[in-house]
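Quick note on numbering: the sequence shown equals residues 360 to 889 in this note's numbering.
Glycine included, each C-beta is placed from N, C-alpha and C at the ideal position.
These figures come from a predicted structure and were not determined experimentally.
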Amino acid sequence: MVPSEPLTRLARSAGLIGIATLTSRLLGLARDRTYAHFFGAGDAMDAFIVASRIPNLVRDLFAEGAMSAAFVPTFTRCLTTRGKEAAWRLGSQTINALVLVTGIIVVLGILFARPLTELYAGEFARVAGKLELTTTLTQLLFPFLTMIAVAVALMGMLNSLGRFFIPALSPAMMNCAVIVVAFIMVPLSGRLGVQPIYALAVGMLLGGIAQIAVQWPALRREGYRHQLALDPRDPGLREILTLMGPGTIGVAATQINLFVNTQLATSQGTGPPSWLNYAFRLMYLPIGLFGVSIATAALPDISRHAARESLSDMRDTISRGLRMMLMLNVPAMAGLVVLASPIVGLILQSGEFDDTDTIATAAALTYYAPGLLGYSAVKIATPSFYALREARTPVLVSLLAIGTNVVLSLVLVRALGYLGLALGTALAALVNATVLLALLRRRLGGLDGGRLAVALAKITLASLVMGAAAWGVERAMWSIAPGFGVLARAIRVFSAIGVALLVLAAAARLLRIQEFEDASRRVLARLKRR
């Protein structure tokens, strides 16, 4: 079967984004290992996680989530129908509006950091100095919101122009900054008279600046020149702001669920906030590599089809994106479940992060893993509604998901402790995705449901075989590479992953999974050209 050109083009774009995102995510793992090495899962790390999550929550609600969902379709429509000059003006006005609004939020956040911190993690007051440290870190980190808002706008413009690599690589700059600053400042903190944890805050702020700096030259080469203009009557700007209003709620489910989890986790004592954070970040690695890459590559095409009112083309693009997402994320989910403990031990166990932390984090990762499919599907479905100028639907579905998560978390935390919070978040993500896709299917007159169902069944079967192989190889490798050193762990984990990929490839070939065959052809063709 010869792969269709749209599927190949989507795979190519997603592949470029995936390469850049892989680089960023690997650096993200190095950053998390840096966190774990210097701070483990102690009080200082708990404080930093909560402090960074407050501005990140506002960022994801206002800047990154709603901004991406509202801005890219509108900017793409303007670019398609009115040309670059009009699009540049819209981009400038959007950035100026973001700087103004987020600047106000930053000032208010700094002034009211204490009550915000008490609302988010009031249980920290039981540990001397922990709430005060969290408050100070929150004040330091709030300016990150404005930096990331501008970076996301630049990313949206570049993606609309078909430029994916540099925007996807830009988050790596923050990871690099945090790692470098931590290794320089933490050993010197005693001499400087500051707590070592402040190094991570400084690294995040420098990383925010770096994300802007790395994208600006690429956009200038496209002809962009920033204009100090802000006209609230501009129809494009008004459309973005109108969509962002409900969009702030519509893409909020994940972050508000994390807020609920964090608040409940702080009542579980020292450790659970950090364990959940480490596990969620590991679970989010394949989402960033596969879910975000595919959604980012598909969104400009979805937006163009919506602008031309070509629902059949839009339906085909979304269906291709979903099938490719399943091909990548179902095996990733299986791998995270069967190799949770070995992966956590290899990546994080060092210094202050001990065996207890590894076991606790791996357990949380196992419970988070089913949410992988939900989060990735939402990355495709939610922006599709904004491309159709239907912001109300994802808002209502998101509210349903938030309510589901709150109820599940309150019930499950009593039965499973902090692990119940991870499971509740995963189930809520699946509810969010399922309802969104059902409504999108109705709106578009279908999503090639038969092909999706067949693809899911085949991919699930292949993933089960792959998971069994990974589990068996990891256990068998203990006789060859025993112990808990980094080298022994790496040999076992990478041997298991290598064999698992071979088994997955064989199963996919046997089951004739089209998405896998297309990806394989592209890789082989690229190798032959070299």
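How long is the line joining the alpha carbons of residue i and residue j, rounded to whole angstroms?
i    : j    : result
L600 : V511 : 15 Å
A788 : L551 : 44 Å
L596 : L695 : 42 Å
I739 : L796 : 9 Å
V361 : V813 : A caution first: V361 carries a pLDDT of 44, below 50, which makes its placement in the model unreliable, though a value can still be read off. Rounded to whole angstroms, V361 to V813 spans 18 Å at the Cα level.
V772 : R448 : 49 Å
V790 : M686 : 20 Å
L386 : A577 : 22 Å
G430 : V619 : Sequence inspection shows Phe at residue 430; the Gly mentioned does not correspond to that position. Cα to Cα, F430 sits roughly 28 Å from V619.
Y637 : E749 : 35 Å
R871 : S678 : 18 Å
P526 : M836 : 39 Å
A306 : D660 : Since the first and last residues shown for the chain are 360 and 889, residue 306 lies out of range.
A472 : D675 : 46 Å
E711 : A849 : 20 Å
I706 : A389 : 8 Å
Q627 : L861 : 41 Å
Q873 : A736 : 19 Å
L843 : V832 : The question names Leu, but residue 843 in the sequence shown is Phe. If I take the Cα positions, the gap works out to 17 Å.
L767 : A624 : 14 Å
R888 : F524 : Interpretation of R888 is limited by its pLDDT of 47, a score under 50 that renders its predicted location unreliable; no figure is taken from the coordinates.
R751 : L517 : 27 Å
A760 : D672 : 29 Å
May I ask you to list the residues that DSSP assigns as paired with residue i?
i    : result
F712 : S709
Which residue from the options puts its Cα closest to that of residue i?
i    : options                   : result
T784 : T725, L803 and V832       : T725
A827 : A859, Y394 and A814       : A859
G399 : P555, F501, T382 and L499 : P555
V458 : V765, T763 and I571       : I571
A536 : L564, L547 and R485       : L564
P519 : R436, L823, A821 and R384 : According to the sequence provided, residue 519 is Ser. The question's Pro does not apply to it. Among R436, L823, A821 and R384, the Cα nearest to that of S519 is on R436.
A484 : Q622, M516 and S822       : Q622
R592 : T715, T453 and F524       : T453
V852 : V703, L635 and G488       : V703
V409 : V766, L499, L755 and A446 : L499
L478 : I413, G762, R384 and R441 : I413
M603 : A665, G804, S854 and T433 : T433
N415 : T793, I464, N455 and T439 : I464
A866 : A821, S838, S854 and I856 : A821
N688 : V770, G733 and L758       : G733
For residue i, report the span of its alpha helix (DSSP H) as first-last.
i    : result
P729 : Where P729 is concerned, there is no enclosing alpha helix (DSSP H), given that its DSSP letter is neither H nor E.
W447 : K443 to L470
D672 : L670 to V697
T505 : F503 to S519
G826 : G808 to A835
I568 : Y557 to R580
P802 : The residue asked about is misnamed: residue 802 is Arg in this sequence, not Pro. First-last of the alpha helix (DSSP H) with R802: Y777 to L803.
I538 : P530 to L551
Y583 : Here Y583 belongs to no alpha helix (DSSP H), and DSSP marks it neither H nor E.
E491 : K489 to L500
G399 : It is not in any alpha helix (DSSP H) - G399 carries neither H nor E in the DSSP assignment.
L861 : V845 to L870
Spatial neighbours of residue i within its chain, please: CB distance less than 8 Å, with the 5 preceding and 5 following residues excluded, ordered by chain position.
i    : result
S700 : T717, I718 and A721
R640 : G387 and D391
A728 : M642, M692, L695, V696, A699 and A785
M532 : G566, A569, Q570, A572 and V573
A422 : Caution is warranted here: a pLDDT of 48 is assigned to A422, below 50, making its placement in the model unreliable, and no coordinate value can be reported.
G808 : R800
Which residues in the same chain as residue i place their Cβ atom closer than 7 Å to its Cβ, once the five residues preceding and following it in sequence are excluded?
i    : result
S709 : R392, A395 and H396
K443 : G582
M404 : Y394, F398 and S633
Q586 : R448 and S451
L886 : Interpretation of L886 is limited by its pLDDT of 40, a score under 50 that renders its predicted location unreliable; the figure taken from the coordinates is listed afterwards. Nothing meets the Cβ criterion.
T382 : L528 and A531
L778 : A722, A723 and Y726
F407 : L496, I556 and L559
G630 : A400 and A719
L815 : L685
Leaving out five residues before and five after residue i in sequence, what residues of the same chain have Cβ atoms less than 6 Å from its Cβ?
i    : result
A558 : V540, A541, M544 and V545
A884 : Bear in mind that a pLDDT of 48 at A884, under 50, signals an unreliable position, so the model cannot answer this.
M514 : P526
R800 : L806
G468 : F501
Run the proximity test for residue i: is its beta-carbon closer than 8 Å to any non-hydrogen atom belonging to the ligand PLP?
i    : result
I507 : Annotation note on the ligand PLP: not contained in the displayed structure, which lists no ligands.
Are the C-beta of residue i and some C-beta of chain D separated by less than 9 Å?
i    : result
L681 : Absence of chain D from the displayed structure is noted, only one protein chain being present.
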